[in-house]
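Report on one structure; see the data block that follows.
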Amino acid sequence: MEKQSSKAQTRQRILDEAARVMRETGTEGIGVAALMKRVGLTHGGFYAHFASREELVEEVLKHMFAEADTFKPAQSVSQPAQQLADFIDSYLSEAHRNSPAQGCPLAALVSEVAHLPQPTRQIFAQGFSTMHARLTQLLSELGWTDADTQASSMMAEMIGALALARACPDAEQASLLLQRSRAALKQRMLEVAA
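Here you go:
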(Lines of atoms letter the chains of each structure in order from A and count residues from 1; the text may use other names and numbers.)
(Lines give C-alpha, C1' and ligand atoms only; values in the text may rest on other atoms or scores of the structure.)
Protein backbone atom coordinates (compact mmCIF):
# COMPACT_ATOMS: atom_id res chain seq x y z
CA MET A 1 0.00 0.00 0.00
CA GLU A 2 2.80 2.40 0.94
CA LYS A 3 4.69 1.50 -2.25
CA GLN A 4 1.59 2.41 -4.29
CA SER A 5 1.29 5.69 -2.39
CA SER A 6 4.95 6.45 -3.05
CA LYS A 7 4.50 5.66 -6.74
CA ALA A 8 1.47 7.96 -6.90
CA GLN A 9 3.42 10.72 -5.18
CA THR A 10 6.30 10.33 -7.62
CA ARG A 11 3.91 10.43 -10.57
CA GLN A 12 2.37 13.59 -9.13
CA ARG A 13 5.82 15.21 -8.80
CA ILE A 14 6.53 14.37 -12.45
CA LEU A 15 3.18 15.82 -13.54
CA ASP A 16 3.66 18.98 -11.48
CA GLU A 17 7.12 19.63 -12.89
CA ALA A 18 6.11 18.76 -16.45
CA ALA A 19 3.17 21.16 -16.16
CA ARG A 20 5.52 23.97 -15.11
CA VAL A 21 7.85 23.24 -18.01
CA MET A 22 5.02 22.89 -20.54
CA ARG A 23 3.43 26.20 -19.53
CA GLU A 24 6.77 27.98 -19.85
CA THR A 25 8.20 26.36 -22.98
CA GLY A 26 5.37 24.41 -24.62
CA THR A 27 5.19 20.71 -25.29
CA GLU A 28 8.52 20.67 -27.11
CA GLY A 29 10.21 21.78 -23.89
CA ILE A 30 9.46 18.47 -22.23
CA GLY A 31 12.40 16.14 -22.69
CA VAL A 32 12.12 12.94 -20.68
CA ALA A 33 15.73 12.87 -19.47
CA ALA A 34 15.79 16.54 -18.44
CA LEU A 35 12.39 16.30 -16.78
CA MET A 36 13.36 13.26 -14.74
CA LYS A 37 16.59 14.95 -13.70
CA ARG A 38 14.58 17.97 -12.49
CA VAL A 39 12.53 15.71 -10.20
CA GLY A 40 15.63 13.83 -9.03
CA LEU A 41 14.96 10.55 -10.81
CA THR A 42 16.59 8.54 -13.55
CA HIS A 43 15.48 8.53 -17.16
CA GLY A 44 14.54 4.86 -16.90
CA GLY A 45 12.18 5.55 -14.00
CA PHE A 46 9.94 7.52 -16.34
CA TYR A 47 8.52 4.36 -17.89
CA ALA A 48 7.22 3.11 -14.55
CA HIS A 49 4.74 6.01 -14.74
CA PHE A 50 4.12 6.68 -18.44
CA ALA A 51 4.24 4.49 -21.54
CA SER A 52 5.55 7.31 -23.75
CA ARG A 53 6.30 11.00 -23.96
CA GLU A 54 2.99 11.45 -25.81
CA GLU A 55 1.11 9.89 -22.89
CA LEU A 56 2.95 12.24 -20.53
CA VAL A 57 1.89 15.29 -22.57
CA GLU A 58 -1.74 14.11 -22.54
CA GLU A 59 -1.68 13.46 -18.79
CA VAL A 60 0.02 16.78 -18.09
CA LEU A 61 -2.61 18.63 -20.09
CA LYS A 62 -5.39 16.90 -18.11
CA HIS A 63 -3.54 17.79 -14.91
CA MET A 64 -3.17 21.43 -15.99
CA PHE A 65 -6.87 21.80 -16.72
CA ALA A 66 -7.76 20.18 -13.40
CA GLU A 67 -5.54 22.75 -11.67
CA ALA A 68 -6.98 25.57 -13.78
CA ASP A 69 -10.05 25.84 -11.58
CA THR A 70 -8.41 29.01 -10.31
CA PHE A 71 -9.15 30.49 -13.74
CA LYS A 72 -12.89 30.40 -13.46
CA PRO A 73 -15.33 33.01 -12.23
CA ALA A 74 -15.16 33.22 -8.44
CA GLN A 75 -18.14 31.39 -7.04
CA SER A 76 -17.53 32.73 -3.54
CA VAL A 77 -18.88 36.10 -4.72
CA SER A 78 -22.66 36.03 -4.98
CA GLN A 79 -23.18 38.75 -7.60
CA PRO A 80 -22.59 37.55 -11.20
CA ALA A 81 -21.35 41.00 -12.29
CA GLN A 82 -18.68 40.99 -9.58
CA GLN A 83 -17.73 37.40 -10.40
CA LEU A 84 -17.18 38.34 -14.02
CA ALA A 85 -15.25 41.53 -13.23
CA ASP A 86 -13.01 39.65 -10.78
CA PHE A 87 -12.41 36.89 -13.32
CA ILE A 88 -11.43 39.36 -16.05
CA ASP A 89 -9.14 41.23 -13.65
CA SER A 90 -7.47 38.00 -12.52
CA TYR A 91 -7.06 36.45 -15.96
CA LEU A 92 -5.68 39.62 -17.54
CA SER A 93 -3.48 40.56 -14.58
CA GLU A 94 0.22 41.31 -14.47
CA ALA A 95 0.62 38.38 -12.07
CA HIS A 96 -0.92 35.95 -14.56
CA ARG A 97 1.16 37.36 -17.40
CA ASN A 98 4.35 37.10 -15.37
CA SER A 99 3.71 33.57 -14.07
CA PRO A 100 3.12 31.32 -17.05
CA ALA A 101 4.34 28.31 -15.05
CA GLN A 102 1.25 28.61 -12.86
CA GLY A 103 -1.06 30.07 -15.47
CA CYS A 104 -3.91 29.00 -17.68
CA PRO A 105 -2.99 26.23 -20.13
CA LEU A 106 -5.19 27.77 -22.82
CA ALA A 107 -3.01 30.87 -23.18
CA ALA A 108 0.21 28.91 -22.67
CA LEU A 109 -0.44 26.39 -25.44
CA VAL A 110 -2.84 28.06 -27.87
CA SER A 111 -0.16 28.72 -30.47
CA GLU A 112 0.96 25.10 -30.73
CA VAL A 113 -2.12 23.00 -30.05
CA ALA A 114 -3.09 22.74 -33.72
CA HIS A 115 0.18 20.87 -34.34
CA LEU A 116 -0.34 18.29 -31.58
CA PRO A 117 -1.79 14.79 -32.02
CA GLN A 118 -5.58 14.51 -32.12
CA PRO A 119 -5.99 13.00 -28.61
CA THR A 120 -4.03 15.89 -27.10
CA ARG A 121 -6.06 18.41 -29.09
CA GLN A 122 -9.24 16.80 -27.75
CA ILE A 123 -8.05 17.31 -24.17
CA PHE A 124 -7.31 20.96 -24.97
CA ALA A 125 -10.75 21.36 -26.57
CA GLN A 126 -12.42 19.87 -23.49
CA GLY A 127 -10.57 22.33 -21.24
CA PHE A 128 -11.70 25.18 -23.47
CA SER A 129 -15.28 23.89 -23.43
CA THR A 130 -15.35 23.70 -19.64
CA MET A 131 -14.23 27.30 -19.25
CA HIS A 132 -16.58 28.39 -22.05
CA ALA A 133 -19.55 26.72 -20.35
CA ARG A 134 -18.79 28.48 -17.06
CA LEU A 135 -18.60 31.85 -18.77
CA THR A 136 -21.75 31.19 -20.80
CA GLN A 137 -23.66 30.39 -17.63
CA LEU A 138 -22.39 33.53 -15.91
CA LEU A 139 -23.22 35.74 -18.90
CA SER A 140 -26.71 34.20 -19.03
CA GLU A 141 -27.17 35.14 -15.38
CA LEU A 142 -26.21 38.69 -16.33
CA GLY A 143 -28.97 38.80 -18.93
CA TRP A 144 -27.08 38.17 -22.18
CA THR A 145 -29.44 36.50 -24.65
CA ASP A 146 -26.48 35.46 -26.81
CA ALA A 147 -24.33 34.33 -23.87
CA ASP A 148 -22.72 31.49 -25.85
CA THR A 149 -21.54 33.86 -28.59
CA GLN A 150 -20.35 36.45 -26.07
CA ALA A 151 -18.45 33.81 -24.07
CA SER A 152 -16.65 32.69 -27.26
CA SER A 153 -15.70 36.27 -28.08
CA MET A 154 -14.61 36.98 -24.53
CA MET A 155 -12.41 33.88 -24.36
CA ALA A 156 -10.78 34.64 -27.71
CA GLU A 157 -9.96 38.17 -26.57
CA MET A 158 -8.70 37.15 -23.15
CA ILE A 159 -6.54 34.26 -24.35
CA GLY A 160 -5.20 36.35 -27.23
CA ALA A 161 -4.49 39.37 -25.05
CA LEU A 162 -2.64 37.29 -22.49
CA ALA A 163 -0.63 35.43 -25.14
CA LEU A 164 0.30 38.73 -26.86
CA ALA A 165 1.23 40.37 -23.56
CA ARG A 166 3.54 37.45 -22.76
CA ALA A 167 5.13 37.67 -26.20
CA CYS A 168 5.64 41.43 -26.04
CA PRO A 169 9.25 42.36 -25.19
CA ASP A 170 8.24 45.81 -23.91
CA ALA A 171 6.82 45.39 -20.38
CA GLU A 172 5.09 48.78 -20.48
CA GLN A 173 3.39 47.99 -23.78
CA ALA A 174 2.37 44.54 -22.47
CA SER A 175 0.86 46.10 -19.36
CA LEU A 176 -1.04 48.62 -21.45
CA LEU A 177 -2.39 45.83 -23.66
CA LEU A 178 -3.72 43.96 -20.61
CA GLN A 179 -5.15 47.12 -19.07
CA ARG A 180 -7.00 48.10 -22.25
CA SER A 181 -8.32 44.60 -22.79
CA ARG A 182 -9.56 44.40 -19.17
CA ALA A 183 -11.34 47.74 -19.49
CA ALA A 184 -12.92 46.94 -22.87
CA LEU A 185 -14.11 43.51 -21.78
CA LYS A 186 -15.60 44.73 -18.53
CA GLN A 187 -17.34 47.61 -20.28
CA ARG A 188 -18.78 45.34 -22.95
CA MET A 189 -19.60 42.28 -20.84
CA LEU A 190 -21.10 44.16 -17.92
CA GLU A 191 -23.24 46.56 -19.97
CA VAL A 192 -26.31 44.31 -19.74
CA ALA A 193 -25.98 44.13 -15.94
CA ALA A 194 -25.96 47.92 -15.59
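Okay, so the sequence shown: first residue is 1150 according to my numbering, each after it adds one. Virtual Cβ for every residue (Gly too), placed ideally from N, Cα, C. As the structure is a prediction and not an experimental result, all values here were calculated from the model.
- In this structure, Leu1287 and Gln1231 do not form a Cβ contact; the two beta carbons are roughly 11 Å apart against a cut-off of 8 Å.
- Cβ-Cβ distances below 7 Å link His1192 to Val1181, Ala1182, Met1185 in the same chain, with the five nearest sequence neighbours on each side left out; the list follows chain order.
- Exposure of Gly1189 is indicated by the presence of fewer than 16 other C-beta atoms within 10 angstroms of its C-beta.
- Taking a C-beta distance under 7 Å as the contact criterion, Phe1214 and Gly1309 do not qualify as a contact pair.
- Going by beta carbons, Arg1172 and Ala1244 fall outside the 7 Å limit.
- Contiguous alpha helix (DSSP H) elements confined to the stretch 1218 to 1267 occur at 1229 to 1240, 1243 to 1247, 1254 to 1258, taking only those with 4 or more residues.
- The stretch 1313 to 1323 makes no contact with the stretch 1267 to 1283; the number of CB pairs closer than 8 Å stays below 3.
- If you check the CB distance, Cys1253 and Ala1282 do not come in under 7 Å.
- Counting of Cβ neighbours within 10 angstroms places Glu1261 among the exposed residues, the total staying below 16.
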